Amino acid sequence: MNGTTIYFKKIHHGLERGRSRALREYDVTGTQMDVLDYLHDHEDETNTLTELASSFGVKHTSMIHILKLLETKDLILRKEEGTRSKPVCLTEHGKQIMQEVDRHKREKDEILYQGFTEEEQTALRGYLERIYRNIRQCAAWNGGE
Numbered sequence: 001m002n003g004t005t006i007y008f009k010k011i012h013h014g015l016e017r018g019r020s021r022a023l024r025e026y027d028v029t030g031t032q033m034d035v036l037d038y039l040h041d042h043e044d045e046t047n048t049l050t051e052l053a054s055s056f057g058v059k060h061t062s063m064i065h066i067l068k069l070l071e072t073k074d075l076i077l078r079k080e081e082g083t084r085s086k087p088v089c090l091t092e093h094g095k096q097i098m099q100e101v102d103r104h105k106r107e108k109d110e111i112l113y114q115g116f117t118e119e120e121q122t123a124l125r126g127y128l129e130r131i132y133r134n135i136r137q138c139a140a141w142n143g144g145e
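Residue numbers (full-length UniProt numbering): 1 to 145.
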């Protein structure tokens, strides 16, 4: 591994370790939190099973399983509206958890960007976005995304 790649690996490992520790507090998995995060970010939209499965690139059956688990934890609600596609939304408990998660994210970002000027933060985000686009292009060449 070259010098840059090893730092990406170390950063990823550190972030995931911290995320796993934080998620245990809420009794959710990373995938479940990703769905909660999506619903939180798209709360003004109608989110259906089909839209969620499509957004995450998974089969309906996989998303149904995730939603059932979140429902049993009282984090989401599938509204009954007389149609086949039931809108999915966060419960009050789910919204409360997401407010706490947002606070944790802001605190984590403050730590990550310590010592960086606003200009450096903006430049770094731009570089990371460019690297991500390059990786996606490479993954497409190799039969990935």
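By construction, the Cβ of each residue, glycine as well, lies at the ideal position given by its N, Cα and C atoms.
Please read all numbers here as calculations on a predicted model, not as lab measurements.
Proximity below 8 Å, CB of residue i to CB of residue j
i, j, result
"G30", "R21", "no"
"L128", "F116", "no"
Outcome for residue i when other beta-carbon atoms lying within 10 angstroms are tallied against a minimum of 16
i, result
"Q32", "buried"
"N2", "exposed"
"G126", "exposed"
"L15", "exposed"
"G57", "exposed"
"G94", "buried"
"L36", "buried"
"L52", "buried"
Element boundaries [alpha helix (DSSP H), containing residue i]
i, result
"V35", "G30 to D41"
"K73", "K73 -> no alpha helix (DSSP H), and no H or E assigned at all."
Span of the beta strand (DSSP E) around residue i
i, result
"V88", "V88 to L90"
"L77", "I76 to R78"
Whole-number beta carbon distance between residue j and residue i, since they are thought to touch under 8 Å
i, j, result
"V88", "R103", "Going by Cβ atoms, the distance from V88 to R103 rounds to 24 Å, so no, they are not a contact pair."
"H40", "M98", "4 Å"
Straight-line gap, residue i to residue j (C-alpha atoms, nearest Å)
i, j, result
"T91", "I76", "5 Å"
"T54", "E45", "In the sequence under discussion, the amino acid at residue 54 is Ser, which differs from the Thr named in the question. Rounded to the nearest angstrom, the two C-alpha atoms are 15 Å apart."
"T5", "I111", "22 Å"
"D27", "T48", "24 Å"
"F17", "D109", "In the sequence as displayed, the identity of residue 17 is Arg instead of Phe. R17 and D109: Cα-Cα distance of roughly 15 Å."
"E119", "I66", "40 Å"
"Q121", "R106", "14 Å"
"S85", "T61", "14 Å"
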